[in-house]
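Colleague:
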Amino acid sequence: MNSAVYTSHKPSGLRDFLPRLPAGVWSLSGFSLLWFGGIVLPLLAIIVVSFLQGRGLNIDFDPTFLQYEKFFSYGGGDMLARSVRIAGTVTLIELLLAFPFALWLAKGCKNNTVRLLTFTALTVPFFLSPAARVIVWRSVFGINGAVNQILLGTGIVDEPVLWLIFSEFAVHFGFIGAFFPTMVWPIFLSVSLIDNDYLEASGDLGASRLRTLLHIILPLALPGIVAGFVFTFIPMLGDAVVASHMGGNNVLMLAAQVQSLIGVSNFLVAAALAAVVLAIMLAFQVLLWFALKPVGGLAGVFASLRR
Amino acid sequence: MANSKHKISKHLYYHLSRRNFIKGAAVGSVIVGAPAILKGLTRRAKAAEKGVVRMLFTAPTMIPGDWTQFEKDTGLKMEDTVIKDDPGIFLTEIQVNDAGDRFDMISTLSGAEQSLIEGGNIMEMETSAMPNWSGMPANIQSMPYLVRDLSPTAGKVWGVPMAMNADSFGYLPEKLGEPRPPEEASWSLVFESEKTMGRSSTGDNYIYLWEALGYLKHTGQLAVKDILNPSPAEARATADFLIERKEAGQFRLFWKIFDDQVAVMKNGEVDAIRCWEPAVKEANKAGGDWVYATAKEFYLKWMHAVYIPSQVEERGNIEDVYTAINWFLSGGYAYAITPLRGYLNGRPDLAVPYAKSNGLDDISEAMKEAEEKMALKFAKEDFWFSAVPENLQEMQAQMDRVLNA
Numbered sequence: 032m033n034s035a036v037y038t039s040h041k042p043s044g045l046r047d048f049l050p051r052l053p054a055g056v057w058s059l060s061g062f063s064l065l066w067f068g069g070i071v072l073p074l075l076a077i078i079v080v081s082f083l084q085g086r087g088l089n090i091d092f093d094p095t096f097l098q099y100e101k102f103f104s105y106g107g108g109d110m111l112a113r114s115v116r117i118a119g120t121v122t123l124i125e126l127l128l129a130f131p132f133a134l135w136l137a138k139g140c141k142n143n144t145v146r147l148l149t150f151t152a153l154t155v156p157f158f159l160s161p162a163a164r165v166i167v168w169r170s171v172f173g174i175n176g177a178v179n180q181i182l183l184g185t186g187i188v189d190e191p192v193l194w195l196i197f198s199e200f201a202v203h204f205g206f207i208g209a210f211f212p213t214m215v216w217p218i219f220l221s222v223s224l225i226d227n228d229y230l231e232a233s234g235d236l237g238a239s240r241l242r243t244l245l246h247i248i249l250p251l252a253l254p255g256i257v258a259g260f261v262f263t264f265i266p267m268l269g270d271a272v273v274a275s276h277m278g279g280n281n282v283l284m285l286a287a288q289v290q291s292l293i294g295v296s297n298f299l300v301a302a303a304l305a306a307v308v309l310a311i312m313l314a315f316q317v318l319l320w321f322a323l324k325p326v327g328g329l330a331g332v333f334a335s336l337r338r
Numbered sequence: 002m003a004n005s006k007h008k009i010s011k012h013l014y015y016h017l018s019r020r021n022f023i024k025g026a027a028v029g030s031v032i033v034g035a036p037a038i039l040k041g042l043t044r045r046a047k048a049a050e051k052g053v054v055r056m057l058f059t060a061p062t063m064i065p066g067d068w069t070q071f072e073k074d075t076g077l078k079m080e081d082t083v084i085k086d087d088p089g090i091f092l093t094e095i096q097v098n099d100a101g102d103r104f105d106m107i108s109t110l111s112g113a114e115q116s117l118i119e120g121g122n123i124m125e126m127e128t129s130a131m132p133n134w135s136g137m138p139a140n141i142q143s144m145p146y147l148v149r150d151l152s153p154t155a156g157k158v159w160g161v162p163m164a165m166n167a168d169s170f171g172y173l174p175e176k177l178g179e180p181r182p183p184e185e186a187s188w189s190l191v192f193e194s195e196k197t198m199g200r201s202s203t204g205d206n207y208i209y210l211w212e213a214l215g216y217l218k219h220t221g222q223l224a225v226k227d228i229l230n231p232s233p234a235e236a237r238a239t240a241d242f243l244i245e246r247k248e249a250g251q252f253r254l255f256w257k258i259f260d261d262q263v264a265v266m267k268n269g270e271v272d273a274i275r276c277w278e279p280a281v282k283e284a285n286k287a288g289g290d291w292v293y294a295t296a297k298e299f300y301l302k303w304m305h306a307v308y309i310p311s312q313v314e315e316r317g318n319i320e321d322v323y324t325a326i327n328w329f330l331s332g333g334y335a336y337a338i339t340p341l342r343g344y345l346n347g348r349p350d351l352a353v354p355y356a357k358s359n360g361l362d363d364i365s366e367a368m369k370e371a372e373e374k375m376a377l378k379f380a381k382e383d384f385w386f387s388a389v390p391e392n393l394q395e396m397q398a399q400m401d402r403v404l405n406a
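Going down the list, the protein sequences come from chains X and G. Each residue of the first sequence is one higher than the last, beginning at 32 in this note's numbering. Each residue of the second sequence is one higher than the last, beginning at 2 in this note's numbering.
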């Protein structure tokens with residue numbers, strides 16, 4: 032009977048010609064193929080292209096390091112260092128701001144209305160265009176903006192403070208506002224998953240709040256922190272809006288540089304830039320691997336989610 | 002046991018519900034997305050739809066507010082799309098993304114047409130199909146860059162002049178103690194005046210490096226062999242100059258788009274700015290006292306032209322396309338664009354008669370002012386701007402070096 036039922040559901044058609052392997056293997060192979068064709072192959076193509084020469088849309092297959100030389104001779108190295116420095120600094124600031132906030136939201140806030148309003152406030156920015164999220168700061172920090180009016184009105188300064196906008200300070204500030212939700216959400220989720228019994232048990236065993244934070248909450252929230260880092264640092268490197276609107280193009284960053292190269296059909300130098308960024312990302316991966324080794328690597332970090 | 006049954010049925014309920022939800026979502030997505038999908042699939046066909054013309058622009062200021070007058074004069078409906086005016090983006094859209102499949106006309110800065118002709122992306126034009134072509138002044142028909150292939154004397158016409166201007170910069174005359182136009186003001190207000198230290202601005206791409214090079218040439222600070230095609234060494238020397246000025250604190254910002262220009266003028270961030278003329282008009286609408294300079298040294302003279310993608314040849318709506326292009330050479334476009342933007346089209350002489358015959362406001366003063374202004378500006382030597390100079394990539398790279406400094 033069971034056999035008859037099994038036969039009636041036996042896959043037919045193309046599957047008959049495939050070797051009899053568990054369905055999961057085929058799914059994995061399909062996914063791997065898609066991943067290889069959609070992600071790995073284009074990246075390899077970019078790396079190959081970065082070693083070629085060309086003019087406009089035409090490319091000569093003559094291997095060279097010329098595009099890398101050009102990229103670094105036009106200040107590309109400074110631009111990359113600046114991009115990583117700003118994105119790294121802001122990610123660290125976001126972590127320091129977002130962790131206590133997420134902890135309060137997940138474990139401290141008992142009022143559902145307040146929590147709902149906070150959720151809404153964290154979600155609203157995603158419904159706005161990236162430019163709309165930051166453009167408002169121009170009228171706050173501008174030469175005739177609210178902050179300068181207050182500073183002048185209270186006599187703290189005699190002349191408007193110019194570095195509030197179109198400066199590195201402004202870029203940092205713009206990023207902090209724009210990327211706060213991307214750091215808060217993953218940390219909030221991982222902290223929410225921590226069983227309150229653990230926290231109570233820690234207290235019952237005599238641990239101080241700080242000890243509970245450092246030895247219970249922080250290790251269990253690590254998946255959220257790692258995810259928050261990824262969702263904040265990486266998109267920030269590729270953000271073209273904040274640096275342009277808040278920095279007034281005085282602070283050139285990665286995405287703006289890519290746009291600039293594409294804007295004049297300089298695809299080969301753009302490919303060299305992409306290859307350098309890929310190398311930096313791989314270096315970060317290695318650093319992350321070493322950093323997480325004491326806690327069992329990335330797999331060890333996310334193992335806490337299985338509790 | 003009862004509990005267990007309850008759990009199973011609940012699980013089943015959620016399971017089915019989720020399945021139904023996914024099905025529903027899929028069906029819903031198709032229904033909601035159908036218009037967009039169909040629109041995409043029929044894009045090519047729609048470009049050929051009778052009575053509708055589609056046009057690709059690279060500057061929003063070429064659009065005369067709305068298309069009411071165009072539709073009234075031609076009986077056609079215009080659908081416009083604007084993309085960024087970077088030459089790489091424009092050429093990629095035409096040559097790689099086959100914009101000709103979707104657009105009946107394309108408009109961009111003159112100078113880009115050579116690549117389009119070589120690539121077979123645009124078709125040769127029949128001037129006899131555009132009645133307003135013949136009355137166009139010879140000096141407009143024979144402008145450098147356009148003259149290479151657009152001039153009738155070259156035998157082939159590949160594009161039609163749409164609008165032109167001679168760009169300089171905006172400044173606040175009262176605040177800076179500078180004369181008002183038509184008296185001349187120096188480009189030094191943008192590049193190296195103490196009066197505007199920390200309160201001047203220019204753009205962020207190669208065009209603005211080019212202008213700095215023009216300034217250096219006219220003030221005797223740099224020997225420039227061919228202003229129309231700066232060499233890599235000249236571009237580097239100019240970048241060095243801009244870096245020095247940037248480090249001295251001259252520039253408040255390097256703007257990217259038209260809206261940036263207007264915003265910083267309105268907000269009082271700058272006192273002098275290399276900008277488009279319409280930005281001055283927009284800033285003054287908000288109560289500003291901006292003027293557009295009669296430049297002492299030079300102007301960047303430009304023309305936006307209209308081209309027909311080669312795909313139109315087989316589309317069957319070429320008559321509509323010529324009717325539309327003829328309108329850009331008409332009094333209707335002149336009436337719409339000159340008072341609004343300060344630009345001149347190929348037939349400014351038709352604007353006043355057009356207004357009279359259509360019972361519209363008298364714009365003879367605005368036209369006279371614009372034509373006099375243009376005559377004054379065009380009398381200056383240097384220089385006709387090409388969207389695609391020979392060392393385009395090198396010039397942009399040098400401008401990037403300035404931004405990176």
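Glycine included, each C-beta is placed from N, C-alpha and C at the ideal position. For clarity, every value in this text was computed on a predicted model and none was experimentally measured.
Aspartate 102 of chain G CB to nearest chain X CB: under 8 angstroms?
Modeller: no
Colleague: Mapping the DSSP letters down to three states, classify phenylalanine 67 of chain X as helix, strand or coil.
Modeller: helix
Colleague: Figure out for me which residue from G:Gln222, G:Glu248, G:Leu214 has the closest Cα to the Cα of threonine 239 of chain G.
Modeller: When only C-alpha atoms are compared, the closest one is G:Leu214.
Colleague: Taking the Cβ atom as the reference point for each residue, do phenylalanine 255 of chain G and aspartate 205 of chain G lie within a distance shorter than 8 angstroms?
Modeller: yes
Colleague: Would glutamate 125 of chain X and threonine 263 of chain X be called neighbours here (beta carbons separated by less than 8 angstroms)?
Modeller: yes
Colleague: Just curious, the beta strand (DSSP E) that glutamate 80 of chain G is in, first and last residue?
Modeller: Start and end: 78 to 83.
Colleague: I'd like to know if the segment 273 to 287 of chain X and the segment 151 to 169 of chain X are in contact, where contact means that at least 3 CB-CB pairs between them fall below 8 angstroms.
Modeller: yes
Colleague: Select from G:Leu301, G:Phe329, G:Gly333, G:Pro354 the residue whose C-alpha is nearest the C-alpha of alanine 380 of chain G.
Modeller: G:Leu301
Colleague: In the DSSP assignment, find the unbroken alpha helix (DSSP H) run with lysine 378 of chain G in it and report its ends.
Modeller: 365 to 379
Colleague: Taking only three categories from DSSP, how would you classify methionine 304 of chain G?
Modeller: strand
Colleague: Between the alpha carbons of glutamine 290 of chain X and valine 158 of chain G, how many angstroms are there, rounded?
Modeller: 33 angstroms
Colleague: Note down, one range per segment and in chain order, each beta strand (DSSP E) of at least 3 residues found wholly within the segment 63 to 121 of chain G.
Modeller: 78 to 83, 106 to 110
Colleague: Skipping 5 residues on each side, what residues in its chain have a beta carbon closer than 6 angstroms to that of proline 161 of chain X?
Modeller: Val272
Colleague: From the beta carbon of valine 171 of chain X, is the nearest beta carbon of chain G less than 8 angstroms away?
Modeller: no
Colleague: Between the Cα of valine 322 of chain G and the Cα atoms of G:Thr59, G:Glu80, G:Pro61, G:Pro65, which residue gives the shortest distance?
Modeller: G:Glu80
Colleague: Pull up the distance between the alpha-carbon of glutamine 96 of chain G and that of alanine 334 of chain X, whole angstroms please.
Modeller: 51 angstroms
Colleague: For the segment 286 to 299 of chain X, which residues have a beta carbon sitting closer than 7 angstroms to at least one beta carbon of chain G?
Modeller: Gln288, Ser291, Ile293, Gly294, Val295, Ser296, Asn297
Colleague: With a threshold of 8 angstroms between beta carbons, is isoleucine 123 of chain G in contact with chain C?
Modeller: The structure shown contains no chain C; its protein chains are X and G.
Colleague: Quick one: does leucine 224 of chain X have its CB under 8 angstroms from some CB of chain G?
Modeller: no
Colleague: What are the start and end residues of each continuous alpha helix (DSSP H) run of 4 or more residues lying completely inside the segment 211 to 297 of chain X, in chain order?
Modeller: Uninterrupted alpha helix (DSSP H) stretches at least 4 residues long and entirely within the segment 211 to 297 of chain X occur at 227 to 235, 240 to 243, 249 to 268, 272 to 278, 285 to 294, given in chain order.
Colleague: Who pairs with asparagine 1 of chain G in a beta bridge, going by DSSP?
Modeller: In the structure as shown, chain G starts at 2 and stops at 406, and residue 1 of chain G therefore has no counterpart that could be examined.
Colleague: Select from the segment 71 to 93 of chain G all residues with a C-beta closer than 8 angstroms to any C-beta belonging to chain X, and list them in chain order.
Modeller: Under the 8 angstroms Cβ criterion, the segment 71 to 93 of chain G contributes Lys85, Asp87, Pro88, Gly89, Ile90, Leu92, Thr93.
Colleague: When DSSP labels each residue in this structure, what does alanine 213 of chain G get in the three-state scheme?
Modeller: Note: alanine 213 of chain G maps to helix in three-state DSSP.
Colleague: Asparagine 175 of chain X touches chain G at which residues, Cβ-Cβ below 7 angstroms?
Modeller: Asn268, Gly269
Colleague: Quick one: does phenylalanine 315 of chain X have its CB under 8 angstroms from some CB of chain G?
Modeller: no
Colleague: Give the interface partners of leucine 283 of chain X over in chain G, defined as CB-CB distance under 8 angstroms, in chain order.
Modeller: Asp401, Leu404, Asn405
Colleague: Compare the C-alpha of leucine 217 of chain G against each of G:Asp260, G:Pro310, G:Phe242 and name the closest.
Modeller: G:Phe242
Colleague: Cα separation between alanine 367 of chain G and lysine 85 of chain G?
Modeller: 29 angstroms
Colleague: For proline 94 of chain X, which of helix, strand or coil comes out of DSSP?
Modeller: coil
Colleague: Examine chain X for any beta-carbon lying closer than 8 angstroms to the beta-carbon of alanine 398 of chain G, and answer yes or no.
Modeller: Chain X, which has a Cβ nearer than 8 angstroms to the Cβ of alanine 398 of chain G, makes this yes.
Colleague: Could you confirm whether any beta carbon from chain G is found closer than 8 angstroms to the beta carbon of glycine 106 of chain X?
Modeller: yes
Colleague: On the premise that isoleucine 274 of chain G lies in contact with valine 265 of chain G, defined as a C-beta separation below 8 angstroms, what is that separation, rounded to the nearest angstrom?
Modeller: 7 angstroms
Colleague: Is asparagine 162 of chain G near proline 390 of chain G, with beta carbons less than 8 angstroms apart?
Modeller: The sequence shown places proline at residue 162 of chain G, rather than the asparagine named in the question. Contact flag unset, no.
Colleague: Can you give me the Cβ contacts of isoleucine 207 of chain X inside the same chain, cut-off strictly under 7 angstroms, excluding the 5 residues immediately before and after it?
Modeller: Val121, Ile124, Glu125
Colleague: The ligand ADP and phenylalanine 132 of chain X: does the residue's C-beta get closer than 7 angstroms to at least one heavy atom of that ligand?
Modeller: Absence of the ligand ADP from the depicted structure is noted, as is the absence of any ligand whatsoever, leaving it without description.
Colleague: Does DSSP put threonine 43 of chain G in a helix, in a strand, or in coil?
Modeller: Low per-residue confidence applies at threonine 43 of chain G: pLDDT is 46, beneath 50, and the placement is therefore not dependable, though the value from the model is reported in the following sentence. In the structure shown, threonine 43 of chain G sits in coil (DSSP, three-state: anything other than H, G, I, E or B).
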